[in-house]
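Each remark here refers to the structure printed beneath this line.
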Amino acid sequence: CIQRGTYCGLIFLLSVKNGAPLALMNDGYLQHMRVGACAGLGAKYLSRQDSKTIGMLGSGGMARSYAKAICQVRPIERIRVFSPTKANRQRYAEEMTSELGVEIEPVDAPQKAVKGADIVAMTTDSLVPVIQAGWLEPGMHVTNVRSNEAGPAIFKRVDVIARLGSSTFVMDNPPPNTFGGSDGMFGYFAGTDEEKKKVPRAPLREIDNQNIGTVPDIMAGRWAGRTNERQITFLNNQGTQGLQFAAVGARAYELAKAKGLGHPLPLKWFLQNIRD
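Quick note on this note's numbering: the sequence shown kicks off at 72 and runs consecutively.
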(Lines of atoms letter the chains of each structure in order from A and count residues from 1; the text may use other names and numbers.)
(Lines give C-alpha, C1' and ligand atoms only; values in the text may rest on other atoms or scores of the structure.)
Protein backbone atom coordinates (compact mmCIF):
# COMPACT_ATOMS: atom_id res chain seq x y z
CA CYS A 1 0.00 0.00 0.00
CA ILE A 2 1.09 3.65 -0.09
CA GLN A 3 2.40 3.45 3.48
CA ARG A 4 4.41 0.45 4.63
CA GLY A 5 2.56 -1.71 7.15
CA THR A 6 -0.88 -0.44 6.14
CA TYR A 7 -3.50 -2.07 3.93
CA CYS A 8 -6.54 -0.88 2.01
CA GLY A 9 -9.49 -3.16 2.72
CA LEU A 10 -12.95 -1.61 2.64
CA ILE A 11 -16.57 -2.64 3.17
CA PHE A 12 -19.13 -0.77 1.08
CA LEU A 13 -22.46 -1.18 2.90
CA LEU A 14 -25.62 -0.69 0.80
CA SER A 15 -29.30 -0.49 1.72
CA VAL A 16 -31.35 -3.55 0.78
CA LYS A 17 -34.39 -1.27 0.40
CA ASN A 18 -33.16 1.00 -2.36
CA GLY A 19 -29.48 0.25 -2.99
CA ALA A 20 -28.32 3.54 -1.49
CA PRO A 21 -24.78 3.55 -0.05
CA LEU A 22 -24.91 3.63 3.75
CA ALA A 23 -21.32 3.34 4.93
CA LEU A 24 -17.73 2.93 3.83
CA MET A 25 -15.64 1.29 6.55
CA ASN A 26 -12.29 -0.43 7.09
CA ASP A 27 -12.61 -4.19 7.03
CA GLY A 28 -9.71 -5.28 9.28
CA TYR A 29 -11.47 -5.65 12.62
CA LEU A 30 -14.72 -6.84 11.04
CA GLN A 31 -12.80 -9.47 9.04
CA HIS A 32 -11.56 -11.04 12.25
CA MET A 33 -14.92 -10.66 13.96
CA ARG A 34 -16.99 -12.29 11.22
CA VAL A 35 -14.73 -15.34 10.85
CA GLY A 36 -14.05 -15.75 14.56
CA ALA A 37 -17.73 -15.45 15.43
CA CYS A 38 -18.62 -18.29 13.08
CA ALA A 39 -15.88 -20.42 14.62
CA GLY A 40 -17.51 -19.68 17.97
CA LEU A 41 -20.89 -20.77 16.63
CA GLY A 42 -19.34 -23.98 15.36
CA ALA A 43 -17.83 -24.67 18.78
CA LYS A 44 -21.14 -23.93 20.49
CA TYR A 45 -23.12 -26.40 18.40
CA LEU A 46 -20.51 -29.06 17.56
CA SER A 47 -17.96 -29.30 20.37
CA ARG A 48 -18.52 -31.14 23.64
CA GLN A 49 -20.03 -28.88 26.29
CA ASP A 50 -17.23 -29.72 28.72
CA SER A 51 -14.47 -28.69 26.28
CA LYS A 52 -11.67 -27.01 28.25
CA THR A 53 -8.58 -27.13 26.00
CA ILE A 54 -7.88 -25.55 22.61
CA GLY A 55 -5.08 -26.65 20.29
CA MET A 56 -4.35 -23.49 18.29
CA LEU A 57 -2.36 -23.70 15.05
CA GLY A 58 -1.37 -20.17 14.11
CA SER A 59 -0.69 -17.04 16.14
CA GLY A 60 -2.02 -14.17 14.03
CA GLY A 61 -5.22 -12.17 14.03
CA MET A 62 -7.52 -15.10 13.31
CA ALA A 63 -5.90 -17.15 16.08
CA ARG A 64 -6.78 -14.35 18.48
CA SER A 65 -10.34 -14.00 17.19
CA TYR A 66 -10.94 -17.74 17.35
CA ALA A 67 -9.71 -17.92 20.94
CA LYS A 68 -11.92 -15.02 22.02
CA ALA A 69 -15.01 -16.46 20.35
CA ILE A 70 -14.55 -20.02 21.58
CA CYS A 71 -13.92 -18.82 25.13
CA GLN A 72 -17.34 -17.15 25.00
CA VAL A 73 -19.16 -20.44 24.44
CA ARG A 74 -17.04 -23.04 26.26
CA PRO A 75 -15.32 -23.10 29.70
CA ILE A 76 -11.82 -22.94 28.22
CA GLU A 77 -9.02 -23.24 30.76
CA ARG A 78 -5.99 -23.85 28.56
CA ILE A 79 -4.71 -23.12 25.05
CA ARG A 80 -1.65 -24.73 23.47
CA VAL A 81 -0.44 -22.64 20.54
CA PHE A 82 1.95 -23.55 17.75
CA SER A 83 3.45 -21.20 15.19
CA PRO A 84 6.58 -21.95 13.14
CA THR A 85 8.10 -18.71 14.44
CA LYS A 86 9.03 -19.01 18.12
CA ALA A 87 8.73 -15.28 18.82
CA ASN A 88 5.21 -15.18 17.38
CA ARG A 89 3.86 -18.04 19.49
CA GLN A 90 5.48 -16.63 22.62
CA ARG A 91 4.00 -13.19 21.94
CA TYR A 92 0.58 -14.76 21.40
CA ALA A 93 0.83 -16.63 24.70
CA GLU A 94 1.82 -13.53 26.65
CA GLU A 95 -0.77 -11.20 25.14
CA MET A 96 -3.71 -13.61 25.07
CA THR A 97 -3.06 -14.91 28.59
CA SER A 98 -3.44 -11.35 29.81
CA GLU A 99 -6.55 -10.73 27.71
CA LEU A 100 -8.42 -14.00 28.28
CA GLY A 101 -7.20 -14.99 31.72
CA VAL A 102 -6.54 -18.60 30.68
CA GLU A 103 -3.32 -20.60 30.66
CA ILE A 104 -1.62 -20.45 27.26
CA GLU A 105 1.37 -22.65 26.48
CA PRO A 106 3.50 -22.09 23.36
CA VAL A 107 4.68 -25.40 21.88
CA ASP A 108 7.32 -26.19 19.25
CA ALA A 109 5.41 -28.71 17.12
CA PRO A 110 1.85 -28.79 15.73
CA GLN A 111 1.19 -32.28 17.08
CA LYS A 112 1.93 -31.04 20.60
CA ALA A 113 -0.79 -28.42 20.23
CA VAL A 114 -3.31 -30.95 18.92
CA LYS A 115 -2.61 -33.83 21.33
CA GLY A 116 -5.25 -33.98 24.07
CA ALA A 117 -7.12 -30.89 22.86
CA ASP A 118 -10.90 -30.76 23.00
CA ILE A 119 -11.06 -28.18 20.20
CA VAL A 120 -8.49 -27.83 17.40
CA ALA A 121 -8.41 -24.52 15.52
CA MET A 122 -6.38 -24.15 12.31
CA THR A 123 -5.82 -20.43 11.74
CA THR A 124 -2.99 -20.36 9.21
CA ASP A 125 -2.37 -19.17 5.66
CA SER A 126 -0.97 -22.55 4.61
CA LEU A 127 -1.52 -23.97 1.13
CA VAL A 128 -1.05 -27.53 2.44
CA PRO A 129 -2.63 -29.50 5.32
CA VAL A 130 -1.33 -28.51 8.75
CA ILE A 131 -2.61 -31.52 10.72
CA GLN A 132 -2.66 -35.26 10.10
CA ALA A 133 -5.67 -37.53 10.40
CA GLY A 134 -3.81 -39.77 12.86
CA TRP A 135 -3.53 -36.88 15.33
CA LEU A 136 -7.29 -36.61 15.78
CA GLU A 137 -8.78 -38.15 18.92
CA PRO A 138 -12.33 -39.23 19.81
CA GLY A 139 -14.50 -36.34 20.97
CA MET A 140 -12.49 -33.57 19.30
CA HIS A 141 -14.02 -30.65 17.45
CA VAL A 142 -11.92 -29.24 14.59
CA THR A 143 -12.28 -26.03 12.62
CA ASN A 144 -10.31 -24.07 10.05
CA VAL A 145 -9.86 -20.75 8.27
CA ARG A 146 -8.83 -22.10 4.86
CA SER A 147 -9.93 -25.28 3.12
CA ASN A 148 -6.28 -26.10 2.36
CA GLU A 149 -5.48 -26.61 6.04
CA ALA A 150 -7.34 -29.94 6.12
CA GLY A 151 -6.58 -32.63 3.55
CA PRO A 152 -8.86 -35.41 2.25
CA ALA A 153 -7.66 -37.77 5.00
CA ILE A 154 -9.05 -35.40 7.65
CA PHE A 155 -12.49 -35.31 6.04
CA LYS A 156 -12.54 -39.11 5.92
CA ARG A 157 -11.44 -39.38 9.56
CA VAL A 158 -14.08 -37.11 11.10
CA ASP A 159 -17.61 -38.31 11.85
CA VAL A 160 -19.58 -35.09 11.37
CA ILE A 161 -18.89 -32.21 8.96
CA ALA A 162 -20.76 -28.91 9.12
CA ARG A 163 -20.76 -25.88 6.89
CA LEU A 164 -22.06 -22.42 7.67
CA GLY A 165 -24.36 -22.42 4.65
CA SER A 166 -24.55 -23.24 0.97
CA SER A 167 -21.50 -23.21 -1.25
CA THR A 168 -20.39 -20.05 -3.00
CA PHE A 169 -21.06 -19.81 -6.72
CA VAL A 170 -18.84 -21.35 -9.37
CA MET A 171 -18.57 -19.73 -12.80
CA ASP A 172 -19.27 -22.11 -15.69
CA ASN A 173 -17.08 -20.10 -18.05
CA PRO A 174 -14.52 -17.95 -16.22
CA PRO A 175 -12.79 -15.22 -18.23
CA PRO A 176 -9.91 -16.66 -20.31
CA ASN A 177 -7.27 -14.41 -18.69
CA THR A 178 -8.03 -15.49 -15.13
CA PHE A 179 -8.26 -18.64 -13.06
CA GLY A 180 -9.08 -19.54 -9.48
CA GLY A 181 -6.02 -19.64 -7.25
CA SER A 182 -5.52 -21.14 -3.82
CA ASP A 183 -8.61 -19.31 -2.59
CA GLY A 184 -10.83 -20.75 -5.30
CA MET A 185 -13.06 -18.12 -6.88
CA PHE A 186 -11.60 -15.42 -4.62
CA GLY A 187 -8.19 -15.39 -6.29
CA TYR A 188 -7.59 -14.35 -9.89
CA PHE A 189 -4.35 -13.95 -11.78
CA ALA A 190 -3.71 -12.30 -15.13
CA GLY A 191 -0.72 -12.89 -17.35
CA THR A 192 0.66 -15.19 -19.98
CA ASP A 193 0.21 -18.94 -19.75
CA GLU A 194 3.84 -19.31 -18.74
CA GLU A 195 3.49 -16.68 -16.01
CA LYS A 196 0.33 -18.26 -14.61
CA LYS A 197 2.03 -21.65 -14.37
CA LYS A 198 4.34 -20.19 -11.73
CA VAL A 199 1.48 -19.33 -9.35
CA PRO A 200 1.03 -22.02 -6.63
CA ARG A 201 -2.34 -23.76 -6.80
CA ALA A 202 -3.94 -25.85 -4.11
CA PRO A 203 -5.57 -29.11 -5.23
CA LEU A 204 -9.35 -29.41 -5.29
CA ARG A 205 -10.64 -31.21 -2.21
CA GLU A 206 -13.63 -33.51 -2.49
CA ILE A 207 -15.31 -34.34 0.81
CA ASP A 208 -16.09 -38.06 1.02
CA ASN A 209 -18.35 -38.10 4.06
CA GLN A 210 -22.08 -38.77 4.27
CA ASN A 211 -22.80 -36.98 7.55
CA ILE A 212 -22.68 -33.39 6.29
CA GLY A 213 -25.00 -30.55 7.26
CA THR A 214 -25.07 -26.89 8.20
CA VAL A 215 -24.90 -25.00 11.47
CA PRO A 216 -28.26 -23.27 10.75
CA ASP A 217 -29.82 -26.73 10.38
CA ILE A 218 -28.53 -27.66 13.85
CA MET A 219 -29.88 -24.41 15.29
CA ALA A 220 -33.28 -25.02 13.68
CA GLY A 221 -33.44 -28.65 14.81
CA ARG A 222 -33.37 -30.04 11.26
CA TRP A 223 -30.06 -31.87 11.71
CA ALA A 224 -28.52 -33.37 14.84
CA GLY A 225 -24.85 -32.62 14.18
CA ARG A 226 -22.93 -34.22 17.07
CA THR A 227 -24.91 -37.10 18.61
CA ASN A 228 -22.40 -38.50 21.11
CA GLU A 229 -19.32 -37.51 23.07
CA ARG A 230 -16.87 -39.65 21.07
CA GLN A 231 -17.61 -38.28 17.62
CA ILE A 232 -15.04 -36.09 15.90
CA THR A 233 -16.74 -33.04 14.44
CA PHE A 234 -15.47 -30.56 11.85
CA LEU A 235 -16.68 -27.06 10.99
CA ASN A 236 -15.57 -26.07 7.49
CA ASN A 237 -15.57 -22.34 8.20
CA GLN A 238 -16.03 -21.32 4.57
CA GLY A 239 -18.54 -20.08 2.04
CA THR A 240 -20.62 -17.24 3.52
CA GLN A 241 -18.39 -14.21 3.15
CA GLY A 242 -21.07 -11.91 1.72
CA LEU A 243 -23.59 -12.77 4.41
CA GLN A 244 -21.04 -12.33 7.18
CA PHE A 245 -19.98 -8.89 5.94
CA ALA A 246 -23.61 -7.80 5.63
CA ALA A 247 -24.35 -8.92 9.19
CA VAL A 248 -21.35 -7.45 11.00
CA GLY A 249 -21.23 -4.40 8.73
CA ALA A 250 -24.87 -3.58 9.43
CA ARG A 251 -24.41 -3.97 13.17
CA ALA A 252 -21.28 -1.80 13.19
CA TYR A 253 -23.16 0.83 11.17
CA GLU A 254 -26.11 0.82 13.59
CA LEU A 255 -23.86 1.18 16.63
CA ALA A 256 -21.77 3.92 15.00
CA LYS A 257 -24.90 5.93 14.18
CA ALA A 258 -26.27 5.51 17.70
CA LYS A 259 -23.00 6.74 19.23
CA GLY A 260 -22.42 9.54 16.76
CA LEU A 261 -19.23 8.02 15.37
CA GLY A 262 -17.86 8.40 11.87
CA HIS A 263 -17.93 11.16 9.28
CA PRO A 264 -21.13 11.85 7.29
CA LEU A 265 -20.69 11.89 3.50
CA PRO A 266 -23.19 13.53 1.13
CA LEU A 267 -25.27 10.93 -0.69
CA LYS A 268 -25.06 13.00 -3.88
CA TRP A 269 -21.34 12.18 -4.11
CA PHE A 270 -22.31 8.62 -5.03
CA LEU A 271 -25.26 9.27 -7.37
CA GLN A 272 -25.38 10.08 -11.08
CA ASN A 273 -28.01 10.47 -13.78
CA ILE A 274 -26.01 8.69 -16.48
CA ARG A 275 -27.09 5.08 -16.86
CA ASP A 276 -25.17 3.78 -19.86
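For glycine and all other residues, C-beta sits at the position ideal for the given N, C-alpha and C.
So what's residue i in DSSP terms, helix, strand or just coil?
i      : result
LEU84  : strand
ALA188 : coil
VAL173 : coil
VAL213 : strand
THR263 : coil
PRO181 : helix
LEU117 : helix
LEU314 : helix
HIS103 : helix
LEU207 : coil
LYS227 : helix
TRP294 : coil
GLU166 : helix
ALA221 : coil
LEU342 : coil
ASN159 : helix
GLU325 : helix
CYS109 : helix
GLN74  : coil
CYS142 : helix
LYS269 : coil
GLY331 : coil
VAL319 : helix
PHE240 : For PHE240, the predicted structure reports a pLDDT of 49, less than 50, and the residue's modelled location is therefore unreliable. The matter cannot be settled from this model.
Taking C-alpha atoms, which residue in the options lies nearest to residue i?
i      : options                        : result
ASN97  : GLY284, GLY80, GLU265          : GLY80
GLU166 : ALA180, ASP179, PRO181, ILE150 : ILE150
LEU84  : GLU325, GLN182, LYS183, GLY129 : GLU325
LEU171 : ALA140, SER86, TRP340, GLU265  : ALA140
MET290 : ALA114, HIS334, ARG322         : ALA114
ALA204 : SER130, VAL185, THR285         : VAL185
ILE232 : GLN182, THR285, ALA192         : THR285
GLN182 : GLN309, PRO146, SER154         : SER154
LEU207 : GLU176, LYS227, MET133         : LYS227
ALA318 : LEU336, LYS88, ALA108, ALA295  : ALA108
LEU332 : TRP340, ALA323, LEU338, VAL87  : ALA323
GLN309 : ASP179, GLU176, HIS334, VAL216 : VAL216
PRO177 : GLN343, GLY129, GLU220         : GLY129
TYR137 : ILE190, ASN282, SER169, LYS88  : ILE190
THR377 : ARG135, THR195, ALA188, THR194 : Coverage of the chain is limited to positions 72 through 347, which leaves residue 377 absent and any answer about it impossible.
ASP179 : ALA224, ASP196, VAL152         : VAL152
ILE202 : ALA91, PRO146, PHE305          : PHE305
PRO92  : ALA221, MET133, LEU336         : LEU336
ALA24  : ILE125, ASN307, ALA321         : Residue 24 lies beyond the range of the chain shown here (72 to 347); nothing can be said about it.
LEU338 : SER86, GLY262, LYS267          : SER86
GLY313 : HIS334, ARG297, TRP294, LEU235 : LEU235
ARG145 : ALA110, GLY90, LEU198, GLN343  : ALA110
SER197 : GLU220, ILE345, ILE175, GLY187 : GLU220
GLY131 : TYR78, THR195, GLY187, GLY90   : THR195
ALA321 : LEU95, GLY76, ALA188           : LEU95
Ends of the beta strand (DSSP E) at residue i?
i      : result
VAL231 : 231 to 234
PHE305 : 304 to 307
Based on DSSP bridge pairs, tell me the residues matched to residue i.
i      : result
THR285 : ARG234
GLY37  : The chain is shown only over 72 to 347; residue 37 falls outside these bounds and no answer can be derived.
MET133 : Bridge partners of MET133: none, in fact.
ALA94  : LEU84
Any chance the segment 98 to 112 sits against the segment 150 to 170, with 3 or more Cβ pairs inside 8 Å?
no
Spell out a yes or no on whether the segment 203 to 212 and the segment 104 to 123 are touching, meaning 3 or more CB-CB pairs, one atom from each, closer than 8 Å.
yes
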